[in-house]
Structures are given as structure tokens and as C-alpha cells.
Amino acid sequence: MDIYVALKVLWWLLLGVLLMGLAIMVGMDMGVGALLRFVGKTDGERREALNIVGPHWDGNQVWFILGGGAIFAAFPTLYATSFSVFYIVMILLLFSMIMRPVAFEYRSKVATERWRTSWDWVFLISGAVPMIIYGAAFGNILEGVGFHFGWDGQYYQTESFLSYLLNPFALLCGFLSLALALYQGAAMLMIRGTDPIYSRAKKIGSLSALVAMALFVLGGVLVSGMKGYVLTSGDPAMPANPVSGQVVSQVAGAWLHNYGAHPILWAVPLIALAAMLLGSLAMRAGKAILAWWLGAVAWIGTIATAGVSMFPFLMPSSDNPNQSITVWNGTGSEYNLIWMTIFALIFVPIIISYTTWCFHVMRGKVEPPAAQDDHAY
Amino acid sequence: MDMLINPTVVELSRAQFALTALYHFLFVPLTLGLSFILATMESVYVITGKPIYKEMTQFWGKLFGINFALGVATGLTMEFEFGTNWSMYSHFVGDIFGTPLAIEGLMAFFMESTFVGVMFFGWDRLSARAHLVVTYLVALGSNLSALWILIANGFMQDPRGGTFDPNTMRMQFSSFVDLIFNPDAQAKFVHTSIAGFVTGSMFVMAISAYYLLTNKRKDIALRSFRIATVFGAISTIGVITLGDALGYIDAHAQPTKLAAMEAIWTTDPHPVSAAWNLIAFPSRSEQKNYFEISIPYVLTPLLTHSEDTVIPGIIQLEQEAKPRIANGIKAMVALKAYNEDHGNTAALATFKKYENDMGYGFLAKEFAPDQDLAKVNASNLPSVLDKTAKATIPNVWVEFWSFRLMVAAGFFMLALFAFAAYYSLKNEIEKHPLLLKVALWSLPLPWVACEFGWITAENGRQPWTVYGWLPTFVSASSHSVGYMIFSLIGFTLLYSSFIAVELYLMFKYARLGPQEQHHHQPEPQTAGGGMAGQPAFAKPSLSPKH
Amino acid sequence: MKKLFTFLGLAAVMVLSLFLAVVTGDYGPWYFAWLVGTTMIVMIAAAGAVMFDKQDEELAKKGIRER
Chain H
1 MDIYVALKVL WWLLLGVLLM GLAIMVGMDM GVGALLRFVG KTDGERREAL
51 NIVGPHWDGN QVWFILGGGA IFAAFPTLYA TSFSVFYIVM ILLLFSMIMR
101 PVAFEYRSKV ATERWRTSWD WVFLISGAVP MIIYGAAFGN ILEGVGFHFG
151 WDGQYYQTES FLSYLLNPFA LLCGFLSLAL ALYQGAAMLM IRGTDPIYSR
201 AKKIGSLSAL VAMALFVLGG VLVSGMKGYV LTSGDPAMPA NPVSGQVVSQ
251 VAGAWLHNYG AHPILWAVPL IALAAMLLGS LAMRAGKAIL AWWLGAVAWI
301 GTIATAGVSM FPFLMPSSDN PNQSITVWNG TGSEYNLIWM TIFALIFVPI
351 IISYTTWCFH VMRGKVEPPA AQDDHAY
Chain V
1 MDMLINPTVV ELSRAQFALT ALYHFLFVPL TLGLSFILAT MESVYVITGK
51 PIYKEMTQFW GKLFGINFAL GVATGLTMEF EFGTNWSMYS HFVGDIFGTP
101 LAIEGLMAFF MESTFVGVMF FGWDRLSARA HLVVTYLVAL GSNLSALWIL
151 IANGFMQDPR GGTFDPNTMR MQFSSFVDLI FNPDAQAKFV HTSIAGFVTG
201 SMFVMAISAY YLLTNKRKDI ALRSFRIATV FGAISTIGVI TLGDALGYID
251 AHAQPTKLAA MEAIWTTDPH PVSAAWNLIA FPSRSEQKNY FEISIPYVLT
301 PLLTHSEDTV IPGIIQLEQE AKPRIANGIK AMVALKAYNE DHGNTAALAT
351 FKKYENDMGY GFLAKEFAPD QDLAKVNASN LPSVLDKTAK ATIPNVWVEF
401 WSFRLMVAAG FFMLALFAFA AYYSLKNEIE KHPLLLKVAL WSLPLPWVAC
451 EFGWITAENG RQPWTVYGWL PTFVSASSHS VGYMIFSLIG FTLLYSSFIA
501 VELYLMFKYA RLGPQEQHHH QPEPQTAGGG MAGQPAFAKP SLSPKH
Chain D
1 MKKLFTFLGL AAVMVLSLFL AVVTGDYGPW YFAWLVGTTM IVMIAAAGAV
51 MFDKQDEELA KKGIRER
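Chains as they are written, first to last, in the working numbering: chain H, 1 to 377; chain V, 1 to 546; chain D, 1 to 67.
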């Protein structure tokens, strides 16, 4: 196989890994943020919940930033187009996300009730809204997005942001994403939390996994009837230019074609479903660490399901399907992908080892911190 | 079918980027510098074993945290704003510009952000040495972040390491070595990082001066003052040296920025005696300075480090741009023809011939009839050339004055640090309350210098996003004005409330100062007992204090 | 055994510094300057603090003031 094609596929896989890492790690913190008001009734309980992810939220958030950087470098046209097409939605995502670091750092710095409850609301918004938008973006992309390109590569959008925001299927995906995040956050709260946070998280988390299961099945039914996209001609080794070079047609049920061609792929959505079901049971049985890992598997299965359904599409265009962004026409150059691969090979193992070390250093149950404790949120 | 580019949307996108970048850059320099100052204090703690240095590290670390949160929050915007608002730019250079951003995440940001949690919360869980290593990793991580961001910025200022590919309609990465060792990126990284050191030093010095003036925790204040002044004095020398180097590099890479920075309209053919404008009121429409105070014999050696290099003035640079614009228009018309039919080898050959001027053709798009370069003909060519040539020069007034304000702030701080370090080293600083007051009130200066430095660098790069290749006018996303107003208002409201909260907390904790000694509790040595530290407080309440 | 590891660790740091110095010295003179300069600034500032403690002790011995 052509090296360039292999690199394109490799970076498609790595894009998936990034989106999964982001969903698991950032989703967990956002789940904790969204659950804060519900698992913690007193200020002490809420501080305990915050300090469970306190030492790690910043490091976890880098998954999000690295996701942005890696899409920029490895899929420049996808980065350029997707964030612009979903402009208002992305701006809402940014607004809600940038409130979160501030909330973590500032919430416990002033000891009045009004100050702290205000920030608790910020945690709810900055936890729930980004996860809904994250899932909704997948939903919108599965349905095809209204954009096309001019000859010089400038994109033009043809749909209003409202059609992305108030799209029922996208909202369903958004709530699936939120449910998984709540589950992941609840698992973390159980691992490091004490009662009553522990038991409240257990109740909410095991329910969230079942909700996620239901939404996943419903979403699957809707996708099977949806108009998908089929790449009828296009050389995988083509120069990465989305303006011309491929022929794409829209066919109802096309998102199931890959499963028809390779029935083994059915394992992917089944793994996701199994992980959600087992996760709910594990959580109910009080096996918090197992539940956390099953939540991670559920995320991996869910995102992989979207990925294998759409392959090789990254963002199909409903406006001019021939200009859909695919793995073949949306990546960086070969030289760039080689360098990116080198850096990823060197640094990803390093990142994983020091992240593990930091989790190890900060391990153990968290108690509600002292009112005057400077080394806690 | 091309739609017309709406100049209002471009201007609003520029305003939003400037607002968010300048705002982000309020927090970054302090992070860059204070992190190394914390590492210095903690090093002294580990070397001497004196607990006061640990207390200092923790106290300044608390202020570091308040600042760090906003740096992280506003940095999120920056990472995604290229995609949300500069789609053509992102498409055009993503293959080379995105790479340093991705590497920044992998190499630097992960390190900084992962360890910062342990730095704040791991005091009781690590040995002193291990914690010191963590603090150094945070400092190194934040500065490595700056390195990769400025490597990316260096490509915008002086594009090296990428070549344009007509088949993908974008610049493609061609040399990693050229990208990372770009002279502009090198000098700019060191200049910016050390400017952060100066900011950190000024922050610690000014607040310590406040404690000395108000008799608070002198043991901490005097030691912090000493470290900050020594740190700051050397760093300020470094910043000015590197600023000079940047000017020297720009003289070669960006003559238009240099001419605007010094308000040079006409070329002085005698480089030896060429005059340097200390003060000037430049007028763009009349292409001259209304008023100037200038010093002969200074300009050439100052900017070029030589006696005989002629520095071209703005009027000459405009004339020199005209043939490039004419060629660039031919290149762009040919490029469009080639893109509509990849079998059109004649068009490709024409494009290749004028490829190096394509950016100037792109720039002419704004002034062509209906923004269509194909409609440029013999009769309207002179006026298109004229308007485009004028557009190659950045706003001289802004460039001239923002540069001077930055330099003035820099030299003032140099003098201040020199005096402060001198008296601190003589251990006589308390005898000079006036100097302490000046040190306190000079607190905003490094921020003034940093912000105007950013304006100098980025306004001076105009009208390009990638110098000589991609004009700002064509770089923006094609949003509607309504979208832009929505996001601009949102950012303004959100950021204003952030800065209000940040300043409130910063002043609160700075005024409060380090805890008085008799309050000082022994460090709890709970091994696995959680961050709680003091179990006696296990039942905290929200009882309003004071 | 512990000494050996310390020795090996320090040797690795030295090799890395040498490598960085050679590479940046050749291609990136300003990067090299940053590495050397930052190390120097941190060390001199730390020395300044140590010097303060020394001055402070001397003053305390003379009984001039106490901090």
C-alpha cells in the first residue's frame, strides 16, 4: 500500500483515539461538574467532589486542546471547515468551556454562599453544554452538513446555525454524549469519594448508563434509515484537495454499507452496548474502578461506531456531496504526517507515563477539605 | 461561484482576534515568568532547607494559580479561533502552521497542565526534591508552549519551511528544520519568554514593595524583593537585546514593518547620516510626518548594525511592490484556470513563472472590480496597482507609537530594576521608600510593554496573515455580520466579567499577603490521608467570615 | 548501587545538555542563548537569596535588627 494512504488511515485512527481520549477524560471532569449540584448538598460535599478531579482536570483538558491542534495539523481542511460551519454552536461551546477553568480556580477562594452557589451553576453549564454540543456535532455530521468550497478552498455555508442546534437527531446524540459523561463522572466520584457522594453518584451513574443504552439503540435505528453517503470514485492517494477529485452519491441506509461489507464490524456497536449494560451493573455492585473502565470502553465503542459507519467520510457535504471531506482528501501532506507521526510516537508514551504517575501520586479517597485549606479547591 | 468577501466581516474578525489574543496575552507572560521565579524560590528551599522559602513558593504560587486559570481558559479560545474565524487561513497554512500547535500540545501543554495539579496539591505527597522537579517541569512546560506557538507565529512573519502546492491550493510543509530554526521564531521566542520573566519579576517586586511599605511579613517581602530584582534586572537586559535582534531580523524579512515602525517615508540615499525619528506624527494620506524630532547618524547602525545599508522608505517600498502585484495577478488568474481544469498545463506554466508573487495577486483581489482578478484589464490596472501598493504598508501611526511605548516601558523598567537590585543587594532597600513606591506603581508597565509588543509585531505584519503569501482580507471565514456581532459581544461580556473577578481576587489575596507567622501551622504529614490535610476541619461550613 | 544510579542519571542529563548545546548552538543560536541565559538567571537569582540570608545572619549577629 502507498505510504501516503497508510499515513492517512493511521491519522484517521489517531483522530479517533484523540476523540476517545477527549470524551473519556474531559467527559469525566465535565460529568463531575454537571453532577456537582446533585451529588453534593453541602459546601463541604461539593468541595470534596471538586477535589476528586481537582489535581487532574487541567491535564485532562489538554486532550481537548491537543484534539484541536492535531485536527488542525493532520486534517487542516476539516479543522478550517467544521469549526466555521458550526460557528454559533462552536462559540457557545467555547463560552461554556472557558468558564470551567475559572470556576475551578475561583469557586472556593471566597467563602460566601452566593459566590459559591453561582460558581456551582457555572459548573453545571460548563459541564453539560459542551458534552451535548460534542455529541450533537457527531449527529449533525452523520446527517451531512451544508457547505461547499470555492475554487481557492474558501468554504461557503448554506445553513443557519439553528438547523444544527435544533436538530432532533443531533440532540439525541448530544444527550447520549451527556449520559456517558455523567456515567464516567459518577464512576470517578465513586472511586475517590466518600458517602454520601458515593451513594448518590452510584444511583445517578447506573441510571445514566441505561439511558445511554436506550439512546444508543434509538440512534442506531434512526441512522439505519438515514440518507448516508457513498464514495463512488476517488483515489485514496489523491492530493488533499476537497474542491474536486471525487464523486459522492447520497443513498438511504448507506451508513450501514461498511457493516454489510465486513460483518465483523457489528462487534463495535455491540461492544459499546455491552459496556454500558455491564457498566450499569458493575456500578450497582459497587465495583467503581471496573465501572470506570467499562465507561471508557463504552465511549470507545460509541465513537468507533460513528467512525466505522462513516469511513472514509469525515464531514459529508449535503450541499455538494462531491466536495465532502473524506480521509482521502482532508489530511495534511505526506511530509507533515510523517513528522506528526514521529512526534506522536515519541510523546504519547511519555504523556501516558507521567499522567499515570500524577494519578498515582494523588490517589486515594478525598475528604471534604478544611475551610482554610490552601491546597484544595 | 465565488461570493464576495464582506470587508465588515473581515474587520470584525480581526477585532475579535485582537481582543481575544491581547486578553490571553495578559495572563501568559506572568505564567512564563512567575513559574521560573517559583522554581527559583523552591530551589533555594531545597538547597538551604529554610522553610521560609517554601512558604514563599506557596504564597506566590497561590497568586500564580489565580492567573494561570485565566491563561488556560482564554487559551482555549485561541486554539479554536483559527478554525472558527479564519477558515481560509487554516486551510491555506494548516499543513504547516497546525503542526507546531499540535506539537505544542504533545510536548508542552500536556506537561505543564498535568504537573500543575501536582504542584498545587502535591506538597504533602512528594519529597521536597521531587516537588521541585515538578515545579521546574511546569515552568519548562509553559515556556515550551510559548516556543511552539512562536514557531507557528514565526511562520506567519517570515514563511520558511513551506511551499505552495497548486494541486492542493495550500502551503505544504517541506522542511522541519527551516520551520523551527526560523530566525524570526528564535528571536521572538527568547524575546517573549524573557519578557515574561520581566513581567513575573515586576509582579513579585511590586507586591513585595507593598508589603515593605505596609510592614507586612518583611521576612518574606525582603527575600522576594531580592530574588525578583536580580531576576528582573538580568531579564530586562535580555529582553532589550533580543528586541534589538528582532528589529535586525525584521529589517531583512519585513521591510514594510520596519519602515512603518520608524515612520520612514522617503529613502535616505546616504545611510551614514540617515536620521532616526525619536518622535513623529505620521500622516498616511500625505505620506509624511507632520512633526518629527530626529537624530542624524543613528538610524542605520541602530537597525542594520552596519554603516552602509540603505533602509528603503515607504514610498519606495510601494513602488517596488507594483511589478510584483502585476505578476501576482497573472499568477492568480492562471491558478484559477489550472484549478478549473487540471489538464491546463499552459496555465500551470504561467502560474509557476509568477508563483513567488501570487500573494500580491491575492492582495489585489480586494481592489479588483467585483473582487475578480479576471476583470483587471489595461484600463483599470493602474488604479488597482495603486490601491494594492498602498495596502502593502501597515498602519504607520499605530506601528510607530506602539513600538515606542513598548521600548519606553522597557527602558524605564531596566532603570528601575537596576536601582532596586543595587539597593536590595546592599540590603538597604528599606531606606528608600520612594523607590519602593515607584516599584509598586510601576506594576502595570510590563503588561503595557507586552500588549504593545504584540501590536507592534502583528499590526506590522499587515496586510498579511502569512507575510507575502496570504492577505488578511481573504483569510477570514465567510460568516454573516450578525454571527460576528453575537460572538464579539459574548466574548466582551464574558472576558470583562472574568477580568473583574480576577482583579478582585488578585487584589484580595495580594493585600491579604502571606499569613502572619503566629498563625503558621505545622505542615500536616499525612501520607495517604488525602488533600484534606487538617482532619480537624472535616466539617467545614459556610459561616460568613469578617 | 544507589550511587551508580545517581551517577548514571547525572551522566544522562549531561549527555542531553551536550546534545542540546551542540544542536541549538549550530542551528539555533538564540535557542542556545535562552537555555544558557535562563539557567544563569535562575542561578544568580537563587544566589541572591542565599546572599540575603548571609547578610541577614551577619546583621543578626551584630544585633542590629531581627527579621
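Note that the Cβ used here is the ideal one computed from N, Cα and C, for glycine as well.
Check                                                                                                                                                                                                                         : Outcome
Distance cutoff 8 Å, beta carbons only. Does GLN323(H) sit that close to anything in chain V?                                                                                                                                 : no
Assuming ALA69(V) contacts VAL102(H) under a Cβ cut-off of 8 Å, what Cβ separation, rounded to an integer in Å, is found between them?                                                                                        : 5 Å
Cα-Cα, which of TYR106(H), PHE216(H) and TYR183(H) is closest to ARG200(H)?                                                                                                                                                   : TYR183(H)
Comparing C-alpha positions only, which one of LYS62(V), PRO29(V) and ALA18(V) sits nearest to LEU505(V)?                                                                                                                     : LYS62(V)
Tell me the start and end of each unbroken alpha helix (DSSP H) in the region 243-289 of chain H that is at least 4 residues and wholly inside, in chain order.                                                               : 257-261 and 267-284
Hey, could you find the ends of the beta strand (DSSP E) GLY228(H) is sitting in?                                                                                                                                             : 227-233
Is there a C-beta anywhere in chain D that falls below 8 Å from the one on HIS519(V)?                                                                                                                                         : Low confidence applies here, because HIS519(V) scores a pLDDT of 45, under 50, leaving its location unreliable; read the following figure in that light. For HIS519(V), the answer is no, since every Cβ of chain D falls outside 8 Å of its Cβ.
What residue range does the beta strand (DSSP E) around GLU428(V) cover?                                                                                                                                                      : Premise fails: GLU428(V) is in no beta strand (DSSP E) and is neither H nor E.
Hey, how far is the Cα of MET205(V) from the Cα of LEU26(V)?                                                                                                                                                                  : 18 Å
Report all residues from its chain with a CB closer than 6 Å to the CB of TYR45(V); omit the five preceding and five following residues, and keep chain order.                                                                : TYR53 and LYS54
Does DSSP put HIS546(V) in a helix, in a strand, or in coil?                                                                                                                                                                  : Annotation note: pLDDT 37 at HIS546(V) (below 50); position unreliable, coordinate value reported separately. Correct three-state label for HIS546(V): coil.
What residue range is occupied by the uninterrupted beta strand (DSSP E) comprising PRO563(V)?                                                                                                                                : Given that chain V is displayed from residue 1 to residue 546, the structure contains no residue 563(V) and the question cannot be resolved.
For the beta strand (DSSP E) holding ARG170(V), just list the boundary residues, first then last.                                                                                                                             : 170-173
Output the boundary residues of the alpha helix (DSSP H) element that contains TRP357(H).                                                                                                                                     : 334-361
Beta-carbon separation of ALA334(V) and LEU385(V) under 8 Å?                                                                                                                                                                  : no
Determine, using beta carbons only, whether ASP372(V) comes closer than 8 Å to chain H.                                                                                                                                       : no
Mind checking the region 81-105 of chain H against chain V and listing, in chain order, the residues whose C-beta falls within less than 8 Å of any C-beta there?                                                             : THR81, SER82, PHE83, SER84, TYR87, ILE88, MET90, ILE91, LEU94, PHE95, MET97, ILE98, MET99, ARG100, PRO101, VAL102, PHE104 and GLU105
Counting only the same chain and skipping the five closest in sequence on each side, list residues whose C-beta sits under 6 Å from that of VAL605(V).                                                                        : The structure shown does not extend to residue 605(V), since chain V is modelled only from 1 through 546, so no value can be given for it.
Along the beta strand (DSSP E) that carries ASN289(V), what are the first and last residues, could you check?                                                                                                                 : 288-295
Excluding the five sequence neighbours on either side, which residues of its own chain have a C-beta within less than 6 Å of the C-beta of ALA170(H), listed in chain order?                                                  : ALA136, GLY139 and ASN140
What's the C-alpha gap between HIS519(V) and MET340(H)?                                                                                                                                                                       : Low local confidence applies: a pLDDT of 45 at HIS519(V) is under 50, so the model's placement there is unreliable, with the coordinate-based value given in what follows. About 52 Å.
Are the C-beta of SER280(H) and some C-beta of chain V separated by less than 8 Å?                                                                                                                                            : no
With 7 Å as the C-beta to C-beta threshold (strictly closer), list the residues of the region 479-496 of chain V near chain H in chain order.                                                                                 : HIS479, TYR483, PHE486, SER487, GLY490 and LEU494
What whole-angstrom Cβ distance do THR229(V) and ALA420(V) have, given they're in contact under 8 Å?                                                                                                                          : 4 Å
Using 8 Å as the cut-off, can you tell me whether the region 454-472 of chain V makes contact with the region 224-238 of chain V, which would need three or more C-beta pairs spanning the two stretches below that distance? : no
With TRP74(D) as the anchor, note down where its alpha helix (DSSP H) starts and where it stops.                                                                                                                              : Absent from the model: residue 74(D). The displayed extent of chain D is 1 to 67, so no value can be given.
Pull the bridge partners of PRO471(V) from the DSSP assignment, please.                                                                                                                                                       : TRP464(V)
Under 8 Å, Cβ to Cβ, is there at least one residue of chain V near THR341(H)?                                                                                                                                                 : no
Let me confirm a value: HIS305(V) is counted as buried when at least 16 other C-beta atoms fall within 10 Å, else exposed. Which label applies?                                                                               : exposed
In the DSSP assignment, find the beta strand (DSSP E) that holds TYR155(H) and state where it starts and stops.                                                                                                               : 155-157
Could you tell me which chain V residues have their CB closer than 8 Å to the CB of ALA33(D), listed as they occur along the chain?                                                                                           : VAL190
From LEU18(D) to ALA47(D), what distance separates their C-alpha atoms?                                                                                                                                                       : 24 Å
Below 7 Å on C-beta distance, what does HIS91(V) contact in chain H?                                                                                                                                                          : PRO76, THR77, ALA80 and GLY153
Checking contacts by CB at 8 Å: is PHE52(D) closer than that to chain V?                                                                                                                                                      : yes
So, do the region 140-155 of chain V and the region 163-170 of chain V have three or more beta carbon pairs nearer to each other than 8 Å?                                                                                    : no
Let's test the definition: count the other Cβ atoms within 10 Å of the Cβ of THR40(V) and tell me whether it reaches 16, buried, or not, exposed.                                                                             : buried
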